[in-house]
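A.B. asks:
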Amino acid sequence: MPIQITGTAVLHRRAAPVTEITPRIIQLVDDMVETMHAAPGVGLAAPQVGVGLQVFVWSYDDAEVLHEGHILNPKLTTFGGLRARLERDPAEEGCLSIPGARAPLARAPRVRLEGMDLGGNHLQIDATGWLARIFQHEYDHLQGVLYRDRLRRARRSEVDEIITSHGWGRGIAQWLPGVDGEESDFTEGGVRA
Ligand code: ZN
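65 is the number of the first residue of the sequence shown in my numbering; add one for each residue after it.
1. Please classify HIS201 as buried or exposed, where buried requires at least 16 other C-beta atoms within 10 Å of its C-beta.
2. Report whether the distance from the Cβ of TYR211 to the nearest heavy atom of the ligand ZN is below 8 Å.
3. Quick check: the Cα distance between GLU252 and LEU195, rounded to an integer number of angstroms?
4. Under DSSP, the alpha helix (DSSP H) around PHE250 begins and ends at which residues?
5. In angstroms, rounded to a whole number, what distance separates the CA positions of THR142 and ALA155?
6. Between the alpha carbons of ASP94 and PRO168, how many angstroms are there, rounded?
7. Can you list, in chain order, the residues of its chain with a C-beta nearer than 7 Å to that of VAL82? Leave out the 5 residues immediately preceding and following it.
8. The ligand ZN: which residues have Cβ under 6 Å from any of its heavy atoms, chain order?
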């Protein structure tokens, strides 16, 4: 599926809850997983593929365990947020909807994710570290928030420079993983949207 780039309206508004698990929703999750791997990325939210529904997928290998899954209508509880905000050297984060940009962003070190899977089962996952970061990033997407919106002013200006250098941020733009290349191919001057 084409990945929507910042400026596209669906990325900047709250996603609607899934009210019924239909074959269309099952197909959406399947297509999102394929798109995430093609990008490649460690997570993908439905608004990023132009669908304003509360769905996200993830696939992250922490070198010991492969964390993979999907969730519908998630709720997220963060723990230890204050300590994270005081973090001196936060990890860098990027987003498939702002290809080519990266910036350090403090996140809560621990979260609890709750929601539903495609089988209608209740899910509860406690996560730390990078998985906790991924969950916060994807959950934000469902609220219409990009990591760029959470950056401090200086870092946000750097990301905005990349966005404007590509002519993004003003309306509809998208890129297609596997056709337009990989996320890592995006560099300044190399527009692939
Ligand atoms: Zn993102």
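Just so you know, even glycine gets a beta-carbon here, dropped at the ideal spot from N, CA and C.
C.D. replies: So, from the data block:
1. Result: buried.
2. Yes.
3. Any reading at GLU252 needs caution, since the residue's pLDDT is 45, under 50, leaving its predicted position unreliable; the model's value is listed next. Inter-residue distance for GLU252 and LEU195 is about 29 Å (C-alpha atoms, whole angstroms).
4. Here PHE250 belongs to no alpha helix (DSSP H), and DSSP marks it neither H nor E.
5. Their backbone Cα atoms lie some 17 Å apart in a straight line.
6. Cα to Cα, the separation comes out at about 31 Å.
7. The residues are ILE89, LEU117, GLN118, VAL119, LEU136 and ASN137.
8. Around the ligand ZN, the residues selected by a Cβ distance under 6 Å to any of its heavy atoms are CYS159, LEU160, SER161, HIS201 and HIS205, following chain order.
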